[in-house]
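Notes for the one structure printed next.
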Amino acid sequence: MAKAAIISLLDRTVAATAPEFLQEGEVNGLLEGFKQPDSAVGSGITVGGVEYTCLKADGRSIHATKEATGAVFAKTNMTIVIAIYDEKHDVGSAAQLVEGLANHLVNEGS
402 MAKAAIISLL DRTVAATAPE FLQEGEVNGL LEGFKQPDSA VGSGITVGGV
452 EYTCLKADGR SIHATKEATG AVFAKTNMTI VIAIYDEKHD VGSAAQLVEG
502 LANHLVNEGS
């Protein structure tokens, strides 16, 4: 994966692979995408200043693309797990990684 992050829903802290991974207001946009998946599919998702076209969205995960790259997001009770993939990867491998980590966090109580 090109970049990854875990966001705490309790205090909105971000643990990320790049210091400027998320820009101001993007966490709120992600949360809105999980609350209103149809809106995310219609308007897209912005992360790191890049606007992605949303392919799939529900209350648990969001898959988005931009040309040969994309992003996968998975929400747990306490976190949002994010992976941005580059042209060397695909949505399937990114989804497996992100959703697997989210499942692990849920099983651990997060």
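Counting in the working numbering, the final residue of the sequence shown is number 511, and the numbers go up one at a time with none missing.
For each residue, glycine too, the CB sits at the ideal point set by N, CA and C.
Please read all numbers here as calculations on a predicted model, not as lab measurements.
**Request:** Can you tell me which of I407, V492, L502 puts its alpha carbon nearest to the alpha carbon of L528?
**Result:** There is no way to answer for residue 528, as the model of the chain reaches only from 402 to 511.
**Asked** Roughly how many angstroms separate the alpha carbons of A496 and D412, rounded to a whole number?
**Response** For the purposes of this step, residue 496 is taken as residue 95 along the sequence shown, with counting starting at 1. For the purposes of this step, residue 412 is taken as residue 11 along the sequence shown, with counting starting at 1. If you take the alpha carbons of A496 and D412, they lie about 25 Å apart.
**Message:** Pop quiz: L431 and I446 are said to be a contact at Cβ under 8 Å. What is the actual Cβ separation, rounded to whole angstroms?
**Reply:** In the sequence shown, residue 431 corresponds to position 30, counting from 1. In the sequence shown, residue 446 corresponds to position 45, counting from 1. 7 Å between Cβ atoms; contact.
**Item:** Beta bridge counterpart(s) of H464 as assigned by DSSP
**Value:** Within the sequence shown, residue 464 is the residue found at index 63, counting from 1. Per DSSP, K457, V473.
**Request:** Under 8 Å by Cβ, that's how I've got C455 and A465 pegged, so tell me the actual separation to the nearest angstrom.
**Result:** The residue labelled residue 455 in the question sits at position 54 within the sequence shown. The residue labelled residue 465 in the question sits at position 64 within the sequence shown. The Cβ separation is near 5 Å, so the contact holds.
**Request:** Identify which residue in L506, V448, V482, K404 has its Cα closest to the Cα of A419.
**Result:** As a first step, residue 419 must be located in the sequence shown, where it is residue number 18. Comparing Cα-Cα distances from A419 to each of L506, V448, V482, K404, the minimum goes to K404.
**Request:** Measure the Cβ-Cβ separation of V448 and A472 and say whether it is below 8 Å.
**Result:** The residue given as residue 448 occupies position 47 in the sequence shown. The residue given as residue 472 occupies position 71 in the sequence shown. For V448 and A472, yes; Cβs fall inside 8 Å.
**Prompt:** Between P438 and the rest of its own chain, which residues show a CB-CB distance below 8 Å, the 5 nearest in sequence each way excluded?
**Reply:** Numbered from its first residue, the sequence shown carries residue 438 at position 37. So the qualifying residues of the chain are A458, D459, G460, I463.
**Request:** Flag this pair as yes or no: are the beta carbons of T480 and L506 separated by less than 8 Å?
**Result:** In the sequence shown, counting from the first residue as 1, residue 480 sits at position 79. In the sequence shown, counting from the first residue as 1, residue 506 sits at position 105. A contact, by the Cβ cut-off of 8 Å.
**Item:** Close-in-space but distant-in-sequence residues of the same chain around Y486 (CB under 8 Å, 5 per side omitted)
**Value:** Taking the sequence shown and counting its residues from 1, one reaches residue 486 at position 85. Contacts found: M402, A403, T470, G471, A472, V473, V492, S494, A495.
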